[in-house]
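Student:
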Amino acid sequence: MEIKEVSVEKNIVTKEYLFNKSEIESAEKKVLTELNRKYTVEGFRKGKVPLSVFKIRFGKDFYDVFVFEKLVDLIYDSVKNEPNLLLIPEIVSKEVSKEEAKIIVNLHKKPVANVDFGKIKVKIADKEEILENYVEIRMKSLQDEHAVIEPKEDPAEYDDLVRVKITVTNVETGKVLIDGNEDEFVLYKEDERPIIRNLVGHKKGEIVEFDREFEKEDKENNLKYHYKIEILEVYKRNLPEITDDFVKTTLTEMHLETVEQLKEKFREEGEKIYNREVKSSVREQILAALPKATDLFISDKTIDYAVRLVVANMKEENKYNDFVKKYETEEKAIENLKEYYVTELKKETAIEKIAKENNIEKKASDQELEKYAELLAPYWGISIERAKVIVKEKPEVRAEVENMIFVDKVLDKISEFVEKETVYINREGEENEKE
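Residue 437, in the working numbering, is where the sequence shown stops; the numbers in between run on with no holes.
1. Quick check on residue 297: does DSSP put it in helix, strand or coil?
2. Name the residue from 407, 253, 308 whose alpha carbon lies nearest to the alpha carbon of residue 147.
3. So, is residue 173 buried or exposed, given that buried needs 16 or more other C-beta atoms within 10 angstroms?
4. How far does the alpha helix (DSSP H) with residue 236 in it reach, from first residue to last?
5. Thinking just about the alpha-carbon of each residue, which of 122, 224, 378 is nearest to the one in residue 413?
6. Is residue 85 buried or exposed, if buried means 16 or more other CB atoms sit within 10 Å of its CB?
7. Counting C-beta neighbours from all protein chains within 10 Å, is the total for residue 13 16 or more, i.e. buried, or is it exposed?
8. Which runs of the alpha helix (DSSP H) spanning at least 4 residues fall entirely within the stretch 16-45, listed in chain order?
9. Is the beta carbon of residue 292 less than 9 Å from the beta carbon of residue 43?
10. Under 8 Å, with one C-beta from each stretch per pair, do the stretch 271-283 and the stretch 236-245 reach the 3-pair mark?
11. Give a yes or no on contact between the stretch 418-427 and the stretch 119-139, applying the rule of three or more CB pairs nearer than 8 Å.
12. Quick check: the Cα distance between residue 94 and residue 49, rounded to an integer number of angstroms?
13. Could you check whether the Cβ of residue 330 sits closer than 9 Å to any Cβ belonging to chain B?
14. Tell me the DSSP bridge mates of residue 181?
15. Would residue 1 and residue 211 be called neighbours here (beta carbons separated by less than 9 Å)?
16. List the endpoints of the continuous beta strand (DSSP E) containing residue 460.
17. Given this structure, state the Cα-to-Cα distance separating residue 404 from residue 391, to the nearest angstrom.
18. Per DSSP, residue 421 is paired with what?
19. Taking residue 196 as part of the alpha helix (DSSP H), name the residues at either end of that continuous run.
20. On a CA-only basis, which of 145, 164, 144, 160 is nearest residue 153? Give me that one, please.
21. Assess contact between the stretch 10-30 and the stretch 89-105, defined as three or more Cβ pairs (one per stretch) separated by less than 8 Å. Is contact present?
22. Roughly how many angstroms lie between the CA atoms of residue 352 and residue 115, to the nearest whole one?
Put into structure tokens, the structure is as follows:
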């Protein structure tokens, strides 16, 4: 097999593969063996059909299909170790005969990426404000946990505890979805759920009824439900005052003496959560911003070819028609595929570039794997120890987790170079830039 480089266009290297008569004959023998396994011809014993008979039977297809496939296998074998190959080789043209063959192939290489960190800005919540809010919430939660309740005959007010029996019915079908389930609610003023709003002002023994509509995905024929709520009991909640004495006598398991010590403990607790959440948020923001900050030196032919491969795979799995139905036309569906492919390729290529420039390896240590397994265990619904075993011993899971760790490391490195904007969330929930 003789290989000639024909041209280079951006990330595409076009090569010409030439096969001589000897190589064609070798391919013919492989085809003969394969066809004798699959086919029987009347008048010949199974597995003993001569080459000439198959050539006559299949005609032009013998070379254009069967011999061609064997030659393509040789091409694929020759590019196994081709550096930075992005997609399987693309056959551009072919000429196959019993004497020789010429196959033109496009090798689509991974594109070169240029990442402009100046185009990435991440927002970070003001630490002091978050910690103050966290301490306030934890203190209020303590009061709620140690509230002393007493039954009341007066109508329910905000901050009361109400025990109810709930029945929910589909208005259109009459089907009962919830049949007399008992539940209880604290009527917080900031809770805007209809069930809370409708309980305020009603007494024990009263029945509250109202309807709610829920929007369906198709945004037509909204679902309408009827709520019937029987008030079983109304309780007034008496919240304790958090004092030094309360801390010493009621929170003995915390081994604290003063309210200030309690607040400091909550602050330390909140700081750990804040640091973890900020790191996660910054990673997500950078990953989302990478496509717009990344330019690829890539040919449109590569994008078109990649999408054709995706479409072929979807058709093979009988998923393509359902995919197209999500869009108005097939053209729009294809355009969406292109945009998605380029977006993901930009992320992947940018991450690999930054990793290479900063010597970040994909392999993770056992300690890193175990730490990540601790995070995944709750999502998998299994114990931490079991998660650690799975991550270490199942190759496909280990590879996936190692890639997650690798991406996180790269995103953390990128975070060192991007602009950071500190914001705060005011009490109305609006995000503002901190002066």
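All C-beta atoms, glycine included, are put in the ideal place defined by N, C-alpha and C.
Just so it is clear, the structure is predicted and the values come from calculations on it, not from any experiment.
Tutor: Reading it off the structure:
1. DSSP places residue 297 in strand when its eight states are reduced to three.
2. Comparing C-alpha distances from residue 147 to each of 407, 253, 308 shows the shortest one belongs to 253.
3. By the 10 Å Cβ count, residue 173 comes out exposed.
4. For residue 236, no alpha helix (DSSP H) run applies; the uninterrupted beta strand (DSSP E) run containing it begins and ends at 225-240, by DSSP.
5. Of 122, 224, 378, the residue nearest in Cα terms is 122.
6. Exposed is the call here.
7. Residue 13 should be labelled buried.
8. When DSSP assignments are scanned along the stretch 16-45, the uninterrupted stretches of alpha helix (DSSP H) that are 4 or more residues long and fall wholly within it turn out to be 23-40.
9. When the beta-carbon positions are compared, residue 292 and residue 43 stay at least 9 Å from each other.
10. The stretch 236-245 and the stretch 271-283 do not touch, with fewer than three beta-carbon pairs separated by less than 8 Å.
11. The stretch 418-427, when compared against the stretch 119-139, does touch it at the 8 Å Cβ threshold.
12. About 34 Å.
13. In the structure shown, chain B does not exist; there is a single protein chain.
14. Listed as beta-bridge partners of residue 181 by DSSP are 169.
15. Here the chain covers residues 3 to 437 and nothing more, so residue 1 does not appear.
16. Because the chain is modelled from 3 through 437, residue 460 falls outside the range shown and cannot be assessed.
17. C-alpha separation (whole angstroms): 14 Å.
18. Paired residue(s): 123.
19. Segment 196-201, the alpha helix (DSSP H) holding residue 196.
20. Shortest Cα-Cα distance from residue 153 to any of 145, 164, 144, 160 involves 164.
21. The stretch 10-30 vs the stretch 89-105: in contact.
22. C-alpha separation (whole angstroms): 6 Å.
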